[in-house]
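Read the structure below first, then the notes.
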Amino acid sequence: MSAENQPTPILLAPGGGQVFNLMGVSLTLKTTAADSGGQWFVMEYAAPPNFQGPPPHWHKVMTEIFYAVEGKITFRVGEQTLEVGPGGYAYVPPGT
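Counting with this note's numbering, you get residues -17 to 78 for the letters of the sequence shown.
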């Protein structure tokens, strides 16, 4: 591996990263797709209580992984409504 494409470790203090605000939600980009060779990115998503989130959708090729730090995250999967709370985890593969 040449020096030009050598991966670079990323260490961030709590609250570190590039912060964006979108529709009342704080998004903190921790690792970009460019940082990972286009394979993935990590974003902290801090929504206010009772935030409805995006409309129902699916991704053709992107996997989403959610980890609830506090509060709860509600998912609609087919006809089911599923919820994870603090410490809860959700893996949403492409096409779902």
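Backbone N, C-alpha and C fix where the C-beta goes; we use that ideal spot for every residue, glycine too.
- Cβ-Cβ distances below 6 Å link Y71 to Y49 in the same chain, with the five nearest sequence neighbours on each side left out; the list follows chain order.
- The beta-bridge partner set that DSSP reports for S8 consists of N3, A28.
- DSSP links E65 through a beta bridge to T56.
- Close CB contacts of A15 within its chain, under the 8 Å cut and outside five residues either way in sequence, are with Q21, W22, F23 (chain order).
- In the three-state reduction of the DSSP assignment, T13 falls in the strand class, which pools E and B.
- In the DSSP annotation of this structure, the continuous segment of the beta strand (DSSP E) that includes I47 starts and ends at 46 to 49.
- Ranked by Cα distance from H39, the first of G53, G(-1), V74 is V74.
- Going by C-alpha positions, S8 is about 5 Å away from A28.
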